Amino acid sequence: MKAIPYGRQSISDEDIAAVVETLKSDFLTQGPQIAAFENAFAKYVNAKYAVAVSNGTAALHLSVLALGLEKGQKVISTPITFAASTNSVLYAGGEVIFADIDKDTYLIDLEQVEEICKTEENVVGIIPVDFAGYPINSEELKKIADKYGLWILEDACHAPGAYFTDSHNTKQLSGNCTYANATVFSFHPVKHIAAGEGGMITTNDKKIYDSLCLLRTHGITKSPDLLTENHGAWYYEMHELGYNYRLTDFQAALGNSQLKRANEGLVKRNTIADKYTQSFAGTNIICPLVSNKVFHAYHLYVIQVKNRKELYEHLQKNNIYAQIHYIPVHTMPFYKKLGFKKGDYPVSEKYYEHCLSLPMYPTLTNEEQDFVIKTILEFIQ
Ligand SMILES: Cc1ncc(COP(=O)(O)O)c(C=O)c1O
Numbered sequence: 452m453k454a455i456p457y458g459r460q461s462i463s464d465e466d467i468a469a470v471v472e473t474l475k476s477d478f479l480t481q482g483p484q485i486a487a488f489e490n491a492f493a494k495y496v497n498a499k500y501a502v503a504v505s506n507g508t509a510a511l512h513l514s515v516l517a518l519g520l521e522k523g524q525k526v527i528s529t530p531i532t533f534a535a536s537t538n539s540v541l542y543a544g545g546e547v548i549f550a551d552i553d554k555d556t557y558l559i560d561l562e563q564v565e566e567i568c569k570t571e572e573n574v575v576g577i578i579p580v581d582f583a584g585y586p587i588n589s590e591e592l593k594k595i596a597d598k599y600g601l602w603i604l605e606d607a608c609h610a611p612g613a614y615f616t617d618s619h620n621t622k623q624l625s626g627n628c629t630y631a632n633a634t635v636f637s638f639h640p641v642k643h644i645a646a647g648e649g650g651m652i653t654t655n656d657k658k659i660y661d662s663l664c665l666l667r668t669h670g671i672t673k674s675p676d677l678l679t680e681n682h683g684a685w686y687y688e689m690h691e692l693g694y695n696y697r698l699t700d701f702q703a704a705l706g707n708s709q710l711k712r713a714n715e716g717l718v719k720r721n722t723i724a725d726k727y728t729q730s731f732a733g734t735n736i737i738c739p740l741v742s743n744k745v746f747h748a749y750h751l752y753v754i755q756v757k758n759r760k761e762l763y764e765h766l767q768k769n770n771i772y773a774q775i776h777y778i779p780v781h782t783m784p785f786y787k788k789l790g791f792k793k794g795d796y797p798v799s800e801k802y803y804e805h806c807l808s809l810p811m812y813p814t815l816t817n818e819e820q821d822f823v824i825k826t827i828l829e830f831i832q
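Residue numbers (my numbering): 452 to 832.
So this is what it looks like as structure tokens:
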């Protein structure tokens, strides 16, 4: 049996053809593929606007800037995420406050969010993470955000295609921004849509959209509405201290081609998840929470087990490369320098001691999954 990773991309002949076609075209960057990808993605998540950028981290950074985060202002997020979610706040000079996770969903605990809002001053926003592909109930979160005047930036890097059913019985797709001000996605190869590197921000707010477009490309504009002077067709002005966070056209072509198969991938991921869950029933393995109000995108399939390290090593010996998501961000040496310490967020820390992400990707074969299940069951018996 060849090595089985926890996640991997799947590249079709159509994907390759789309990239080759773009490579042979006039534009490698700033061409028509970007707008095509943005339009298709906005439609996919049912948002008004989408802005493609170079990666998910850039998407987070630009979003906090477009939402107006200023030096010294505080943003609440979760320790169980990739560090980029909270690093974005630090890039903008903001301060991170963590709320612990809910022990069942592994998402940010809304009660703790509210407690922080009651006691902390200068909190301006919340970055919830749709961890593993399980969407946050942003309707409930928005009630808190509205009460305290905060914005919501949803990190849905794990969750394109996920949705929850709100109190009006309406399916709310991650990224549709019914309740969030903006949502970010990543197109790293292990994610649902691979573009090599790449990211997207969705929003329904024209002001945020305009700001993102400006910041993505050095803060430079050629828009006649914005120019303070005009010397001719070549003329542009820099209005903000922006960045070069552009996506290339060949990455957009790959992303757009992958997007066409995104729903197929979600079905496959859910089938794989169901089989794991059924196979581990009656054992002491804790499987991901299933709810009839939620469509899980299963970027990750995370179990909790007693002897996690031993199982991880046992799987490695059998050429199965499970992974750990995540080491709590507040325990990172860099975050410790900011004043956080072990023991601050006990639910996250306990979760970390036991979590293990099993192989989960659309091209995982039945035979491979059977081998993973057999190897785990043998170990725990
Ligand atoms: C939850 C989360 N947020 C943000 C990012 C950053 O995305 P990127 O790697 O595209 O910069 C990741 C990437 O792994 C992630 O998992």
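By construction, the Cβ of each residue, glycine as well, lies at the ideal position given by its N, Cα and C atoms. Just so you know, these numbers come straight off a predicted model, no measurement behind them.
Beta bridge counterpart(s) of Y614 as assigned by DSSP: Locating residue 614 in the sequence shown gives position 163, counting from the first residue. Under DSSP, Y614 shares a beta bridge with L624 and F746.
Closer than 8 angstroms by C-beta to M811: which residues in its own chain qualify, once you throw out the five before and the five after it? Chain order, please. For the purposes of this step, residue 811 is identified with residue 360 of the sequence shown, where counting begins at 1. Cβ within range, chain order: Y457, G458, R720, I723, A724, Y749, H750, L751 and Y752.
Using only the alpha-carbon positions, how far apart do M452 and I824 sit? Numbered from its first residue, the sequence shown carries residue 452 at position 1. Numbered from its first residue, the sequence shown carries residue 824 at position 373. Distance between the alpha carbons of M452 and I824 is about 14 angstroms.
Neighbourhood of A631 by C-beta distance below 6 angstroms, restricted to the same chain and skipping five residues each side: As a position in the sequence shown, residue 631 is number 180, starting the count at 1. Within the same chain, A631 has close Cβ partners S589, I603 and E605.
Can you tell me whether DSSP reads K525 as helix, strand or coil? Within the sequence shown, residue 525 is the residue found at index 74, counting from 1. Annotated three-state conformation of K525 is strand, per DSSP.
Pull the bridge partners of M689 from the DSSP assignment, please. On the sequence shown, position 238 is the one that residue 689 refers to. Beta-bridge pairing links M689 to I671.
Inter-residue Cα distance where the pair is S618 and K594: Against the sequence shown, residue 618 aligns to sequence position 167. Against the sequence shown, residue 594 aligns to sequence position 143. Cα to Cα, the separation comes out at about 12 angstroms.
What's the call for P797, buried or exposed, on a 16-neighbour Cβ count within 10 Å? Along the sequence shown, read from residue 1 onward, the residue named residue 797 stands at position 346. Under a 10 Å Cβ-count criterion, P797 is classified as exposed, with fewer than 16 other Cβ atoms of the shown protein chains found around its own Cβ.
Return the Cβ separation of T473 and Q460 in integer angstroms, given the expectation that the two are a contact with Cβ distance under 8 angstroms. If you number the sequence shown from 1, residue 473 lands on position 22. If you number the sequence shown from 1, residue 460 lands on position 9. Going by Cβ atoms, the distance from T473 to Q460 rounds to 18 angstroms, so no, they are not a contact pair.
Is the beta carbon of V502 closer than 8 angstroms to that of L705? As a first step, residue 705 is located in the sequence shown; it is residue number 254 there, counting from the start. As a first step, residue 502 is located in the sequence shown; it is residue number 51 there, counting from the start. Contact flag unset, no.
Close-in-space but distant-in-sequence residues of the same chain around A509 (CB under 6 angstroms, 5 per side omitted): Here residue 509 is taken as the residue at index 58 of the sequence shown, counted from 1. Excluding positions up to five away in sequence, the list reads G650 and Y696.
Identity of the residues DSSP links to G576 by a beta bridge: In the sequence shown, counting from the first residue as 1, residue 576 sits at position 125. Beta-bridge pairing by DSSP links G576 to V526 and W602.
To test your reading of the DSSP string, which unbroken alpha helix (DSSP H) runs of 4 or more residues are found completely within the segment 470 to 531? Positions of the alpha helix (DSSP H) runs, each at least 4 residues long and wholly inside the segment 470 to 531, are given as 483 to 496 and 507 to 517 in order along the chain.
As an exercise, report each continuous alpha helix (DSSP H) stretch of at least 4 residues that is fully enclosed by the segment 713 to 763, in chain order. Whole alpha helix (DSSP H) segments, 4+ residues: 713 to 730.
Mark V718 as exposed unless 16 or more other C-beta atoms lie within 10 angstroms of its C-beta, in which case mark it buried. Sequence index remark: in the sequence shown, residue 718 carries index 267 (1-based). With fewer than 16 other Cβ atoms within 10 Å, it is exposed.
Is any non-hydrogen atom of ligand 3 found closer than 7 angstroms to the C-beta of C806, if you look at the structure I gave you? Here the bound small molecules are ligand 1; ligand 3 is not part of this structure.
So, are the CB atoms of H781 and F549 less than 8 angstroms apart? The sequence position of residue 781 within the sequence shown is 330, counting from 1. The sequence position of residue 549 within the sequence shown is 98, counting from 1. For H781 and F549, yes; Cβs fall inside 8 angstroms.
Could you please give me the residues that DSSP links to L807 through a beta bridge? As a position in the sequence shown, residue 807 is number 356, starting the count at 1. The partner list for L807 (beta bridge, DSSP) reads I754.
Could you check whether H765 and F830 sit closer than 8 angstroms to each other, using their CB atoms as the reference points? The residue given as residue 830 occupies position 379 in the sequence shown. The residue given as residue 765 occupies position 314 in the sequence shown. Contact: yes.
Please confirm whether N627 and A498 have their CB atoms less than 8 angstroms apart. Against the sequence shown, residue 627 aligns to sequence position 176. Against the sequence shown, residue 498 aligns to sequence position 47. Yes, these two residues count as a Cβ contact at 8 angstroms.
I'd like the list of long-range same chain contacts for T699, defined as Cβ closer than 8 angstroms, with 5 residues on each side in sequence excluded. Locating residue 699 in the sequence shown gives position 248, counting from the first residue. For T699, where only same-chain residues beyond five positions count, the Cβ hits under 8 angstroms are L479 and T480.
So K580 and T532 are supposed to be a Cβ contact under 8 angstroms. How far apart are they, rounded? Looking up residue 580 in the sequence shown gives position 129. Looking up residue 532 in the sequence shown gives position 81. According to the sequence provided, residue 580 is Val. The question's Lys does not apply to it. The distance from the Cβ of V580 to that of T532 is about 4 angstroms, consistent with a contact at the 8 angstroms cut-off.
At the level of alpha carbons, what is the spacing between D597 and I577? Here residue 597 corresponds to residue number 146 of the sequence shown, with the count starting at 1. Here residue 577 corresponds to residue number 126 of the sequence shown, with the count starting at 1. Answer to the nearest angstrom: the Cα atoms are 11 angstroms apart.
Beta-bridge partners of I659, as assigned by DSSP: Numbered from 1 along the sequence shown, position 208 holds the residue referred to as residue 659. Beta-bridge pairing links I659 to no other residue.
Give me the Cα-Cα distance between G519 and H609, rounded to the nearest whole angstrom. Taking the sequence shown and counting its residues from 1, one reaches residue 519 at position 68. Taking the sequence shown and counting its residues from 1, one reaches residue 609 at position 158. Between G519 and H609, the alpha-carbon positions lie close to 25 angstroms from each other.
I'd like to know whether the C-beta atoms of T668 and G647 end up nearer to each other than 8 angstroms. As a position in the sequence shown, residue 668 is number 217, starting the count at 1. As a position in the sequence shown, residue 647 is number 196, starting the count at 1. Result no, Cβ atoms of T668 and G647 do not sit closer than 8 angstroms.
What are the partner residues of E546, as DSSP defines its beta bridges? Taking the sequence shown and counting its residues from 1, one reaches residue 546 at position 95. Paired residues: K525.
Below 7 angstroms, is the gap between the Cβ of S528 and the nearest heavy atom of ligand 1? By 1-based counting over the sequence shown, the position of residue 528 is 77. For ligand 1, not one heavy atom lies less than 7 angstroms from the Cβ of S528.
Determine the DSSP secondary structure at A837, reduced to helix, strand or coil. No statement about residue 837 is possible, as the shown extent of the chain runs from 452 to 832 and does not include it.
CB of Y614 within 8 angstroms of CB of P640, strictly: To locate residue 614, count along the sequence shown from 1; it is residue 163. To locate residue 640, count along the sequence shown from 1; it is residue 189. Result no, Cβ atoms of Y614 and P640 do not sit closer than 8 angstroms.
Identify whether G650 lies in helix, strand or coil by the three-state DSSP scheme. Numbered from its first residue, the sequence shown carries residue 650 at position 199. In the three-state DSSP reduction, G650 falls in the strand class (E or B).
What's the C-alpha gap between Y802 and H682? Within the sequence shown, residue 802 is the residue found at index 351, counting from 1. Within the sequence shown, residue 682 is the residue found at index 231, counting from 1. A direct Cα-to-Cα measurement between Y802 and H682 gives close to 60 angstroms.
Please state whether DSSP places N695 in a helix, a strand or coil. As a first step, residue 695 is located in the sequence shown; it is residue number 244 there, counting from the start. Correct three-state label for N695: strand.
Report buried or exposed for Y557, applying the criterion of at least 16 other Cβ atoms within 10 angstroms of its Cβ. For the purposes of this step, residue 557 is taken as the residue at position 106 of the sequence shown. Buried: at least 16 other Cβ atoms inside 10 Å.
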